[in-house]
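Structure first, commentary second.
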Amino acid sequence: MPPSPSVPQVSDRFPGPRREDCPWCGSARLRTRLRAPGRQRGAAVALDECGACAHAFQNPPSADGAPRALPGRRHRATARALAGLADPESWLDVGTGHGHFPEAAKEFFPYTSFDGLDPTARVERALGEGRVEEAHRGLLTTPGVTDRLRARYDVVSMFHHLAHVPDPRAELRAALAVLRPGGHLVVEAADPDSAYAALLGPRWLPHSHLHLLPLSNLEAELAGLGCAITTTVRTHHPQEPATARPLPAPLRAPLAAAAALDRLLAPLTRHTRLANTYRVVARTPGNPPA
Ligand SMILES: [Zn+2]
459 MPPSPSVPQV
469 SDRFPGPRRE
479 DCPWCGSARL
489 RTRLRAPGRQ
499 RGAAVALDEC
509 GACAHAFQNP
519 PSADGAPRAL
529 PGRRHRATAR
539 ALAGLADPES
549 WLDVGTGHGH
559 FPEAAKEFFP
569 YTSFDGLDPT
579 ARVERALGEG
589 RVEEAHRGLL
599 TTPGVTDRLR
609 ARYDVVSMFH
619 HLAHVPDPRA
629 ELRAALAVLR
639 PGGHLVVEAA
649 DPDSAYAALL
659 GPRWLPHSHL
669 HLLPLSNLEA
679 ELAGLGCAIT
689 TTVRTHHPQE
699 PATARPLPAP
709 LRAPLAAAAA
719 LDRLLAPLTR
729 HTRLANTYRV
739 VARTPGNPPA
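So the mapping is simple: the working numbering equals the position in the sequence shown, first residue as 1, plus 458.
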């Protein structure tokens, strides 16, 4: 397996230099996927795609990669879908923000101890409000974090987190280091192969993120690290009109109508190429301690 390519060191939120190689596989075969206006006036988002592995990434990275809070009903639906994970004692939610996922998941995992990791102070408020039992600041790749948390968790979840870190491949590997043998990793991410990416172009919200990871790359990486993929599902999360990029006035009404239709059709959409999200559950090698 090739080593994770070196990444220019950039701090947590994270404008950085343009790079000439793919941050996932190191190939220099880059092509333009998208050029679009950024959130701030005069800013621009430049998204490149690797010709070798199809990983897409902002190049150079902009400062607008911060994740947004997801609606509570989505957390609850996700937790319910994961209820088959057998009685985890300890669970780390990476990129937890305000801790809304652990809060929702307690209904389905009443005996599980949830900790949160997040680069922002939101995780400390989550601790103060009792949504997590321990709060850790940073990313998994922040120096010291992995050492402190090594082999502590039965489950590690990363919901829409890898899109927002400087080096998603290193973050993924670090997630395995904090799992116990036989533990489970849950990754949910926007699917760059969704038809919505092409339909909405620069208006597709994940196109404003730092990285877009093809599902096949994630599965191959996990398999290469000795994990068994236990579940892969495609789901569809309607894009809320309020969270879409600022629109020119003539586009607002039609896109609002499209978003309403999107929500209406979500139960039908999730099994088609229109599904905009995938979720992978992988089991790490080894047997859990008896
Ligand atoms: Zn690549």
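Beta carbons: idealized from backbone N, C-alpha and C, even for Gly.
- In this structure, the CA atom of Met616 is about 22 Å from the CA atom of Tyr654.
- A distance below 7 Å separates the beta carbons of Gly641 and Asp612.
- Assigned with DSSP and collapsed to three states, Glu679 falls in helix.
- Val636 is the residue among Arg661, Thr742, Val636, Arg610 whose C-alpha sits nearest the C-alpha of Thr599.
- Going by DSSP, Glu561 is part of the alpha helix (DSSP H) stretching over 558-563.
- Checking the 6 Å criterion, the Cβ of His513 is within range of a heavy atom belonging to ligand 1.
- For Thr490, the pairing in a beta bridge is given by DSSP as Asp506.
- For Ala510, the Cβ falls inside the 6 Å cut-off from some heavy atom of ligand 1.
- For the pair of segments examined, the segment 651-665 was found not to touch the segment 553-560: the number of CB pairs separated by less than 8 Å stays below three.
- By the neighbour-count criterion, in which a residue is buried when 16 or more other Cβ atoms sit within 10 angstroms of its Cβ, Pro639 is exposed.
- With a cut-off of 6 Å, the C-beta of Ser674 is classified as distant from ligand 1, since no heavy atom of the ligand falls inside that distance.
- Spanning the alpha carbons of Glu591 and Arg487 requires a straight line of approximately 45 Å.
- Nearest Cα to Glu677 within the set Pro601, Arg737, Arg476, His669: Arg737.
- Nearest in C-alpha terms to Ala609, of all of Phe515, Pro626, Arg631, is Arg631.
- In this structure, DSSP gives Thr536 a helical state, which the three-state scheme calls helix.
- The residue among Leu540, Ala494, Pro626, Ser666 with its C-alpha nearest the C-alpha of Pro481 is Pro626.
- Sequence-distant partners of Leu585 (beyond 5 residues in either direction) whose C-beta falls short of 6 Å from its own C-beta, in its chain, are Ala593.
- For Gly640, the three-state secondary structure derived from DSSP is strand.
- The Cβ-Cβ distance between Glu507 and Arg489 falls below 7 Å.
- The alpha helix (DSSP H) runs lying completely inside the segment 591-673 and spanning 4 residues or more are 603-607, 626-635, 653-658, given in chain order.
- Arg580: member of the alpha helix (DSSP H) spanning 580-586, first to last residue.
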